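K.L.:
In our numbering, the protein residues as written are 75 to 242.
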């Protein structure tokens, strides 16, 4: 008896099942959106000099704040004005604001300052120092001989134009 070859049943067309794939993607997207970290980004306005600005005019007074691991050093570009050491692991920002307000009272027309940062200082400290010299409250401004229009938070602008660089 000879074996008869078996006939294969006709092949069914392959179906692509999209519903389970859509379900998996919707669960993945939901999970990723729930675990995503949304951070608030605030922007600091910096006025940096441009190369095409022409010849620079030397200002009569220039405030420079050097942020170092040991503390803050204030200079006028040539001579040291003050040194504020770190106290209990924190920079003396209130003293810096008071001193900046005193200097602003002596040089009312100056609105620029430089913040120079050492490489071993955290970025957050740079931002705190910039905020400390950018503005002050109204009583501090008036007691140091300058006034201005308070902003929405009741702060008076001292040195709003800040240049950032590396400390020498």
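All residues carry an ideal CB built from backbone N, CA and C; glycine is no exception.
This one's a predicted model, so the numbers in the text were calculated from it and none came from an experiment.
So, using beta-carbon positions, are residue 147 and residue 154 closer together than 9 Å?
P.N.:
Walking along the chain shown from the start, residue 147 turns up at place 73. Walking along the chain shown from the start, residue 154 turns up at place 80. In contact: residue 147 and residue 154 (Cβ atoms closer than 9 Å).
K.L.:
At a cut of 8 Å, does the region 185 to 196 reach the region 230 to 240 through at least three beta carbon pairs?
P.N.:
Yes: the two stretches touch, three or more of their Cβ pairs being nearer than 8 Å.
K.L.:
For residue 134, which of 151, 173, 208, 109 has the nearest alpha-carbon?
P.N.:
Numbered from its first residue, the chain shown carries residue 134 at position 60. Among 151, 173, 208, 109, the Cα nearest to that of residue 134 belongs to 151.
K.L.:
Output needed for residue 194: all residues of its chain with C-beta closer than 7 Å, excluding positions within five of it in sequence on either side, in chain order.
P.N.:
Stepping through the chain shown from its first residue, residue 194 is reached at position 120. Correct list, in chain order: 143.
K.L.:
Give the secondary structure of residue 198 by DSSP, where H, G and I count as helix, E and B as strand, and everything else as coil.
P.N.:
To locate residue 198, count along the chain shown from 1; it is residue 124. Helix.
K.L.:
To the nearest angstrom, report how far apart residue 82 and residue 99 are at their CA atoms.
P.N.:
Walking along the chain shown from the start, residue 82 turns up at place 8. Walking along the chain shown from the start, residue 99 turns up at place 25. Looking at the two C-alpha atoms, the distance is approximately 37 Å.
K.L.:
Do you know how far the Cα of residue 181 is from the Cα of residue 224?
P.N.:
Working through the chain shown from its first residue, we reach residue 224 at position 150. Working through the chain shown from its first residue, we reach residue 181 at position 107. Near 19 Å, if we compare the C-alpha coordinates of residue 181 and residue 224.
K.L.:
I'd like to know if the region 213 to 224 and the region 194 to 205 are in contact, where contact means that at least 3 CB-CB pairs between them fall below 8 Å.
P.N.:
With a cut-off of 8 Å, the region 194 to 205 and the region 213 to 224 do not count as touching, because too few Cβ pairs lie within range.
K.L.:
Hey, out of 159, 222, 208, whose CA is closest to residue 171's CA?
P.N.:
The residue labelled residue 171 in the question sits at position 97 within the chain shown. Of the candidates 159, 222, 208, the one whose C-alpha sits nearest the C-alpha of residue 171 is 208.
K.L.:
If we ignore side chains and look at the alpha-carbon of each, how far apart do residue 110 and residue 220 end up?
P.N.:
Here the question's residue 110 lines up with position 36 in the chain shown. Here the question's residue 220 lines up with position 146 in the chain shown. Taking the straight line joining both Cα atoms gives about 47 Å.
K.L.:
What is the DSSP secondary structure of residue 219, reduced to helix, strand or coil?
P.N.:
By one-based count along the chain shown, residue 219 stands at place 145. In this structure, residue 219 counts as coil in the three-state DSSP scheme.
K.L.:
Check this for me: beta carbons of residue 141 and residue 199, under 9 Å apart or not?
P.N.:
Position 67 of the chain shown, counting from 1, holds the residue named residue 141. Position 125 of the chain shown, counting from 1, holds the residue named residue 199. A contact, by the Cβ cut-off of 9 Å.
K.L.:
With H, G and I counted as helix, E and B as strand and the rest as coil, what does DSSP make of residue 228?
P.N.:
Numbered from its first residue, the chain shown carries residue 228 at position 154. Of the three classes helix, strand and coil, the one that applies to residue 228 here is coil, per DSSP.
K.L.:
Between the alpha carbons of residue 241 and residue 160, how many angstroms are there, rounded?
P.N.:
As a position in the chain shown, residue 241 is number 167, starting the count at 1. As a position in the chain shown, residue 160 is number 86, starting the count at 1. For residue 241 and residue 160, the distance between alpha carbons rounds to 17 Å.
K.L.:
Is the Cβ-Cβ distance between residue 174 and residue 137 less than 9 Å?
P.N.:
Indexing the chain shown from 1 puts residue 174 at position 100. Indexing the chain shown from 1 puts residue 137 at position 63. Yes, these two residues count as a Cβ contact at 9 Å.
K.L.:
With a threshold of 6 Å on Cβ separation, who are the neighbours of residue 157 within its own chain once the five nearest residues in sequence on each side are excluded?
P.N.:
Taking the first residue of the chain shown as position 1, residue 157 is located at position 83. Result list for residue 157: 147, in chain order.
K.L.:
Classify residue 189 as buried or exposed, calling it buried when 16 or more other Cβ atoms lie within 10 Å of its own Cβ.
P.N.:
As a first step, residue 189 is located in the chain shown; it is residue number 115 there, counting from the start. Residue 189 is buried by the Cβ-count criterion.
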